[in-house]
Structure formats: C-alpha cells, structure tokens
Amino acid sequence: MKYVPLFFTVLVVSILYVELAFLSAPIFLYSALSVTLLISFYAQSFIINHANKTDIPETNDDIFTSNAENIASSTSKIAIGGANVSHFTDKLSQLFSAQVDQTSAIADKVKLLESGNVELLTTTHQAQKCIDDSSKETEKTHGLLGDALSQQEQLDAQITSTSESLTNLKVKADAIGSIVTTINQLADQTNMLALNAAIEAARAGEQGRGFAVVADEVRELAKKTTDATYGIEQVLEEITFATKDSVSAIEEVSVSGKNMAHLVSQTAEVVTHNNELAASARTAMQQVFITVEEHNQTNQGITQNIDSLFSSTQELEGDLNEVSNKVLNLCNQTEDIFRQLHVFDLSNRNAIVKDLAIVAAELVGAKFEEALLSGEISNAALFDNQHKPIPNTNPQKYTTMFDSFTDKVLPLIQEPILQQHNFLIYAGAVDSKGYFPTHNKKFSKPMTGVFENDLLHSRTKRIFDDYTGKRCGSNTEKFLLQTYKRDTGEVMHDLSAPIYVNGKHWGGFRIGYKAD
C-alpha cells in the first residue's frame, strides 16, 4: 500500500500534462514520453504483483524511488513552465487591463467627440441662421439709412429754401421800412406846410378862414399818416427781429442737418462694410457647416466600433484571466504533487531545501518558545500583528513589538543556512502577514534614498504581500513549494515551512533559490 501515493501521483502528473498541453505545448511534448513510461512501468508491476498475490520485492524500492525522482523532476519542469506561462499571462493580462482602460477612455472621448460634433453641427446651423438674420437686418438698416439720408437731403434743401425766403422777407421788410420812413418824412413835411398854412390863414383873417380849415384838415391827415406809419414801423421792426432770429436758427439747423447728413452718410458706409463682412461671414459659415456636416457623417459609427472593440478587449481580458487562473491552478497542483512525493526518500534539490526549511522552522519555533519561557519576550509582543509604518522609508518599511528580538535571534539560524548552501538566495522567517522582520544580512543594507537600490538591497522589515509572499506566511501544510518568475526573467523556487510556537501558528520559514 505504500506505493499507492506514487500511483495517484503519476495519474495526477498525467492529468497535469494534458492541461498544460493547452498552455505550453513544448513542455508537454518534452515530458509526455517519460510519464507514459512511468505509468506503463507501474501498471506492469501492479498487475504482476496482484497476479502472483505477493508483495512487491524490496529490490523494487530503488526503482520506485528513481521513478519518484523522475516524477519530481518532471513536475518541477511543469512548475517552471507554469511559472513562465503564468508570468507571461499575468503581464499580458496587465497589458490588456491597461488596454481595456485605455479603450474605455477612448470610447468615452469618442462619445463626447461624436456628441460634440452633433452639438457643433446644431450650433453651426444656429450661427448660420443668426448670420443670415443679421445680414437681412443689416440690409434693412442700410435701406433705412439710405431713406434717412435722402430725407435729410430734402430737409436740407427745404431749410435752404426757407432760409432764402426769410432772407428775401427781411430784404422786403427793409424796403418797406424805407418806404415808411419816406412816408413819415412826407407826413412831417406836410404837417409843417399845414402849420405854416394855418399861420398864414390866421393872418389873413376872415378871408383866410376857409384856407385855415383846409390847413387843419391837412395837418390832421398828416398826423394820422404819422400815427399809421409808426404802427407799421413797430410791426416791421418785430418782423425784422423775428426774421433775423429765424434766419440764425435756420442756419444752425442747416449746419446740424449737414452734420447729420455727414454722420448718416458715414453710418451708411459702415453698415455697407458690415453688410459685406456679414456676407463673407455667411459664406464662411456655410463652408464651416458643410465641413462639420461632412466630419459628422465621417465620424458616425465610430462610437459603435469603439464599443465593439471595448467589448472584445474585455472578453479577451476575461479569457486571459481565465487562462491565468488555470495556470495558477496548475502550479497549485504541482505543489500537491511535491507534497505527495515527500514520503519517498528523494535526494533532489527540492527535497534538500524542504528538509532545510522544516528543520529551520522547528528551530525558530523552539527558540521562540524558549524565549517565552525565559520571559525574554511576551506572548503579546511575539504575536504582535500591528505593523506600524516607519516614516520616511521608500520602499515602505514597518516595525513591530518583536523586531528587536528577532534581530538578535534569527540571524543565528538564518545566516549559517546560506553559508552552508551557496545555491540559496535567501532564507528567513516571516510572520503570518508576510512581514520579514529580520532579513539576511546581504539584504539588510542601510537605505541610500535611491529607490531602485533600496528595493533590491534593503529588503528587511518589509511586508511581502504578493501572491507568493502571502502564502509563505499563511501556509499551514508541512511545506509549500512555489515556483514563480521574477521581473528580471529568473524562475525561482520558494520553499517554506510553517513555524509553530506552542502549537500556535506564527508564520513560516521561507527559502528562495533558482529553479533548475
């Protein structure tokens, strides 16, 4: 019955090869023959054993161990291939995820662009209508200004005619005044003659009485004439003053009219120029409208195409995630195979590191229990899970209540392992959160402030919460062998064993080394 695990392991490996064939054909072709031979060998031995109803001879242990070694080697190759594929699919998935985001952003922008085109088309149409309306109003204004200019010219002509008439009236009034003056002079002379005649009649006595009567009548007539001409003079004087005022006012109106005519003429020129500009703007806007309409017709359907591209990219991203999950599942199954094979006395590198990790985890657990017993550290401090960020560290470092304790005790266990096995890259204890309180000395250099340098050489007191790092600290199986690919292109194995302190899980002891 001790070979049953090997039988099931062979079957699982066979299934894994079939799965991996769809993901990494070269690995499948490379190893399929060896698995087939193993299955054939085990089936033959199993049939012979049951046919003879006897146990498998002890001499076959070496054969089964050798076959287990071959299975372990093949499984390691599967794990390495899976790590390569997983790394590739993860990077591809990241790229597609970024592409999905970019496509989504493009789709949003194209939708805005298409919406903007429609809005621009509407606005352009409205602007063209406004320009047309403005042009029509400008033409009306130009016509009204033309009419106003014509009426102003007519008014100016009428003002000129009125001014001339008033001037003529003044001239005639002056002429009448001259006549009235002459009449007044004649009246005065007549009055004097009548007075003289009256005097002479008085001298003549009775004979001059009739002549005196005539003289009185003539004098009375002269007086009436003088009174009448005085009234005429008053009227003529008023007419003259009024005529002068009217002429002055008409002259001012004439000047204002000429200025108004000049302004109207200038305004008409400006309106004419604006009308020409409006016509040019209307022509240009018509061209813009045509261009925008053509652009809108050209862009129609882009949003639909972008949405289709976005959906396809999302679907492909989902497929990639599914492939990535299958590859991850494949890697997890290889981990199960390694655990199944540990019952055999294997001598490959993975088996050696497994023993190192298990022993180191037990030593760390024992050291922690001893410290608790002696009171060197309290249980609360040892299991402190409050990782406090250390200020001004990049990459971010943390501190806990057990840092100073682990800095003192862990190097005594960790450093000899690296010194004795030069193929190992790192070896150290992490808590259940993936926190590395005390890294190896070569990875615990002082921070320089240069991120790239500190990322590689100052790795102590950091939390490694990536997929591999988290599982190292949280794993409770006897051991966990993980295979992953670094960004540098190297494929690494990370083998960890759980650390228990008085039966309570504290974390894990992880060892890293390059895959064969």
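Residues 1 to 516 in the UniProt record's numbering are what the sequence shown lists, from first letter to last.
Don't be surprised by glycine CBs; every beta carbon is placed ideally from N, CA and C.
A quick note: this is a predicted structure, and the numbers were derived from the prediction, not measured.
- Taking all protein chains shown into account, Q152 has 16 or more neighbouring C-beta atoms within 10 Å of its C-beta and is therefore buried.
- In this structure, A148 sits near V264, with a CB-CB distance shorter than 8 Å.
- For G428, there is no enclosing alpha helix (DSSP H); the enclosing beta strand (DSSP E) has its first and last residue at 424 to 431.
- Here L410 carries a coil assignment [DSSP, helix/strand/coil].
- H142 places its beta carbon less than 8 Å from that of N275.
- Between Q396 and I377, the alpha-carbon positions lie close to 26 Å from each other.
- For the 8 Å CB-CB criterion, L424 and I499 do not form a contact.
- For F451, the enclosing alpha helix (DSSP H) starts and ends at 451 to 457.
- Under the three-pair Cβ rule at 8 Å, the stretch 410 to 423 does not count as touching the stretch 379 to 388.
- Counted as a single uninterrupted DSSP element, the alpha helix (DSSP H) harbouring S474 occupies residues 467 to 474.
- Taking the CA atoms as reference points, A198 sits about 5 Å from A212.
- Between the alpha carbons of T229 and D188 lies a gap of roughly 11 Å.
- A351 is not a Cβ neighbour of F479, given a cutoff of 8 Å.
- DSSP places S254 within a helical segment (H, G or I) once states are collapsed to three.
- Excluding five sequence positions before and after L120, the CB atoms of its chain that fall closer than 7 Å to its own CB belong to V292, given in chain order.
- Note on geometry: alpha-carbon atoms of S246 and G146 lie some 29 Å from one another.
- If you check the CB distance, F402 and L373 do not come in under 8 Å.
- When the five nearest sequence neighbours on each side are left out, the beta carbons in the same chain lying within less than 8 Å of the beta carbon of L455 are those of P395, in order along the chain.
- Closest in alpha carbon position to S280, among K461, S134, G469, is S134.
- G434 and C472 do touch by the CB rule: their CB atoms are close to 7 Å apart, below 8 Å.
- By a beta-carbon distance limit of 8 Å, T240 does not contact L166. Their separation comes to about 11 Å.
- Inter-residue distance for E251 and V271 is about 30 Å (C-alpha atoms, whole angstroms).
- For N196, the closest of T182, V214, I183 by C-alpha to C-alpha distance is V214.
- In the assembly as shown, F451 is an exposed residue. Its beta-carbon has fewer than 16 other beta-carbons within 10 Å.
- The residue among M447, G449, H457, V430 with its C-alpha nearest the C-alpha of T468 is V430.
- The closest CA to that of N379, considering only N184, G503, L169, A201, is found on G503.
- Residues A357, I358, A361, F479, F509 of the same chain have their beta carbon placed closer than 6 Å to that of A497, with the five preceding and five following residues left out of the count.
- K170 is the residue among K170, K514, E294 whose C-alpha sits nearest the C-alpha of V235.
- Proximity to E217 across G205, T190, E238 peaks at T190, based on C-alpha coordinates.
- At least 8 Å separates the beta-carbon of F443 from that of F464.
- In the structure shown, the three-state DSSP call for F464 is coil.
- Counting along the chain, S374 sits inside the alpha helix (DSSP H) bounded by residues 349 to 374.
- Apart from sequence neighbours up to five positions away, the residues of its chain that approach A268 with a beta-carbon distance below 8 Å are H142, L145, G146, L149, ordered along the chain.
- Judged by DSSP in its simplified three-state form, T123 adopts helix.
- Short of 8 Å from the beta carbon of T393, and not among the five residues preceding or following it, lie these beta carbons of its own chain, in chain order: M447.
- When DSSP states are grouped into helix, strand and coil, T483 belongs to the strand group.
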